[in-house]
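A.B. asks:
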Amino acid sequence: MYQGIDISNYQTNVDYSRVKYSGIQAAYLKASEGTSYRDVMMATHYNGFKAQGVLVGFYHFFRARSVENAIDQANFFVENTRGYAVDLKYACDVETTEGLGKDLLSSCVKTFIDRVKELTGIDCIVYTGSYFSKNNLTTVLRGTQLWLAHYTTGTPSWNTEIWDTWSGWQYSDSGNVNGIFGNVDMDQYKEDLLVDRSTPPVDPTPPMGQVNGANAVVQNDWFYGRTSTGDIDPGRRVDIGDRIKVIDVSYSRQLDLVEYPIPGGTRQTYIRNVVSNIGYLNAPIRINGYRDVYDRFSGNRIGSVNNENVIVLEDLGNNRLNVVYSTDKGSWTKSGVINR
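What follows is the structure, given as structure tokens:
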């Protein structure tokens, strides 16, 4: 049995050496929540505990929306923890239904767990409360491991229809540990929460997909993924350093349709046309003379360029170029197809 804690951005200015010598052997760290929140203290906590030889694992606060969204959350969690070696299995923190019934919620949790294992080769356990598990989760989660939250000095209880026993037990949310200011969650972790190193993970740091024909790199700040009308699209996020393909720049909405990398593949979304954050890889070229500009998708004429600079987004063949150019709205604010 390992004496442990779990912490997040609520714990700052931690003296990791004092925590270690107070008897703490293992720590779970919050990494992410939903499809857009990254815990700002994750890297600091990780480096601090690792330097002291404390066993470390990551958890994701799960906000269920749908099975598809569960996959998006798993992708986001894995992306956020990519490159960090863990000693403890990953954990899915399930303590809110988000309005879902128990069957759909349980299916979403199982989908998240399976996706994390698929991407990393490392098991993902379920963190949940005693009362919550009995009222909101089903036997579809049988076969997973339980990290139980039940604050008692006696014997804890849980949903025994799903789990025969627990692997982790959060027995208090008001503990005191030297080196941490204020209350902290206290845990006991069994040996079976350790990552099994006897069989190497399938891919502990899953590679990001590569965008064929990338024509820009995200710089200065990241983007929310958005729908074609500009609303934030949960689960879509384009990060600094991502090499992307700008497919279309909408003049009216100032939204760019882009293809961007995700773990194991690519995906399309819209982002705001913040030109300072989009570093085009191709240098501008001068178009001598007059050219009609056509919509890439409908083929309709949408404007013209006349002795202007353009950036080539893609050579479409048959002497056609997809280009972005400047308008009265500013630099690189409209795209379309021109003939060479």
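For what it's worth, the working numbering labels the leading residue of the sequence shown as 3, then goes sequentially. Glycine included, each C-beta is placed from N, C-alpha and C at the ideal position. Just so it is clear, the structure is predicted and the values come from calculations on it, not from any experiment.
Determine whether the beta carbon atoms of residue 127 and residue 91 lie at a separation below 8 Å.
C.D. replies: Taking C-beta atoms as the reference points, residue 127 and residue 91 count as a pair closer than 8 Å.
A.B. asks: Between which residues of its own chain and residue 333 is the CB-CB distance below 8 Å, once the five residues before and five after are set aside?
C.D. replies: Within the same chain, residue 333 has close Cβ partners 277.
A.B. asks: How would you call residue 183, buried or exposed, if buried means at least 16 neighbouring beta carbons within 10 angstroms?
C.D. replies: By the neighbour-count definition (other C-beta atoms within 10 Å, threshold 16), residue 183 is an exposed residue.
A.B. asks: Taking DSSP as the reference, what is the three-state secondary structure of residue 212?
C.D. replies: coil
A.B. asks: Where do the ends of the beta strand (DSSP E) carrying residue 335 lie?
C.D. replies: 332-341
A.B. asks: Give a yes or no on whether the C-beta atoms belonging to residue 220 and residue 280 are separated by under 8 Å.
C.D. replies: In contact: residue 220 and residue 280 (Cβ atoms closer than 8 Å).
A.B. asks: Can you tell which of 9, 25, 265 and 153 has its C-alpha closest to the C-alpha of residue 119?
C.D. replies: 265
A.B. asks: Could you spell out where the beta strand (DSSP E) holding residue 226 opens and where it closes?
C.D. replies: Taken as a continuous stretch (DSSP letters only), the beta strand (DSSP E) holding residue 226 covers 225-228.
A.B. asks: What's the C-alpha gap between residue 6 and residue 327?
C.D. replies: 57 Å
A.B. asks: Measuring only the C-alpha atoms, how far is residue 75 from residue 65?
C.D. replies: 8 Å
A.B. asks: Would you check if the distance between the CB atom of residue 249 and the CB atom of residue 257 is smaller than 8 Å?
C.D. replies: no
A.B. asks: So, are the CB atoms of residue 93 and residue 58 less than 8 Å apart?
C.D. replies: no
A.B. asks: Would DSSP call residue 193 helix, strand or coil?
C.D. replies: helix
A.B. asks: As an exercise, report each continuous alpha helix (DSSP H) stretch of at least 4 residues that is fully enclosed by the stretch 84-157, in chain order.
C.D. replies: 104-122 and 132-138
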